[in-house]
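Residue numbers (our numbering): 3 to 227. The C-beta atom is built at its ideal place from N, Cα and C for all residues, glycine as well. Step one of this worksheet: look at the structure below.
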């Protein structure tokens with residue numbers, strides 16, 4: 003029984019003493035679930051669910067019917083989970099609101115993960131910034147298949163001009179969960195850098211979102227200086 007565990011090992015007490023980052027995925031999920039089911043305490047239930055779905059991201063992505071097929075889950079938990087997800091997305095969106103300057107690569111990546119990691123098909127988006135690197139607009143420009151999205155530089159250039167952007171951050175997701183860039187990713191990054199440079203708009207980064215992971219071209223020294 004969970005109540006017989008030492009306090010330092012109970013998820014809620016562990017979070018209070020050491021912070022949420024100290025908890026495993028199963029422990030975080032256990033706090034959300036609150037209670038287990040007959041013959042299975044809440045942490046074991048959380049572990050079983052993670053094993054069944056494959057990851058926290060897969061739990062978030064599950065539809066209502068699939069979610070409720072799992073023992074210990076139901077409509078109420080589904081609604082709570084979706085509300086938690088939307089609150090976290092809105093919190094991160096507030097950090098990137100119009101007029102706010104980007105202060106770190108990490109905050110940008112966290113925002114993009116919240117926006118793109120649950121997409122089941124490739125989506126190519128752009129953060130449009132002014133010359134002080136303050137956010138003007140985040141916009142999804144292209145939607146594709148499970149492993150590709152056609153990107154047209156002309157549309158990116160036209161949209162950047164519409165918002166009078168001075169810089170941009172490119173972003174897209176890999177539903178495969180693999181963050182490494184493909185040859186096509188490298189080619190479109192280069193094409194967009196060249197196209198936007200013609201109108202004096204700097205591409206600061208191209209970030210690939212793959213589940214909870216990101217790949218940053220800038221952090222790997224692959225952007226034009």
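For residue i and residue j, what's the separation of their Cα atoms in angstroms?
| i | j | result |
| --- | --- | --- |
| residue 154 | residue 85 | 35 angstroms |
| residue 129 | residue 56 | 31 angstroms |
| residue 194 | residue 120 | 25 angstroms |
| residue 20 | residue 58 | 21 angstroms |
| residue 179 | residue 124 | 11 angstroms |
| residue 191 | residue 32 | 41 angstroms |
| residue 83 | residue 156 | 39 angstroms |
| residue 133 | residue 114 | 21 angstroms |
| residue 209 | residue 63 | 21 angstroms |
| residue 80 | residue 37 | 15 angstroms |
| residue 26 | residue 12 | 12 angstroms |
| residue 53 | residue 141 | 34 angstroms |
| residue 61 | residue 218 | 26 angstroms |
| residue 146 | residue 212 | 15 angstroms |
| residue 174 | residue 122 | 12 angstroms |
| residue 137 | residue 165 | 11 angstroms |
| residue 127 | residue 66 | 27 angstroms |
For residue i, which residues does DSSP report across the bridge?
| i | result |
| --- | --- |
| residue 141 | 128 |
| residue 218 | 209 |
| residue 39 | 42 |
So, with DSSP's three-state summary, where would you put residue i?
| i | result |
| --- | --- |
| residue 4 | In this predicted model, residue 4 has a pLDDT of only 49, less than 50, meaning its place in the structure is not dependable; the value taken from the coordinates is given anyway. Helix at residue 4. |
| residue 2 | Lying outside 3 to 227, the shown extent of the chain, residue 2 is not represented and no answer is given. |
| residue 172 | strand |
| residue 208 | strand |
| residue 109 | helix |
| residue 153 | coil |
| residue 30 | helix |
| residue 121 | coil |
| residue 177 | coil |
| residue 225 | coil |
| residue 59 | helix |
| residue 147 | coil |
| residue 87 | helix |
| residue 190 | helix |
| residue 93 | helix |
| residue 196 | helix |
| residue 16 | helix |
Could you round the C-beta distance between residue i and residue j to whole angstroms and report it? I think they count as a contact, below 8 angstroms.
| i | j | result |
| --- | --- | --- |
| residue 91 | residue 171 | Residue 91 to residue 171, Cβ: 18 angstroms. No contact. |
| residue 198 | residue 162 | 6 angstroms |
| residue 30 | residue 22 | 7 angstroms |
| residue 118 | residue 167 | At roughly 20 angstroms, the Cβ-Cβ gap does not stay under 8 angstroms, so residue 118 and residue 167 are not in contact. |
Measuring only between beta-carbons, confirm whether residue i sits less than 8 angstroms from chain B.
| i | result |
| --- | --- |
| residue 75 | Annotation note: the requested chain B is absent from the structure, which comprises a single protein chain. |
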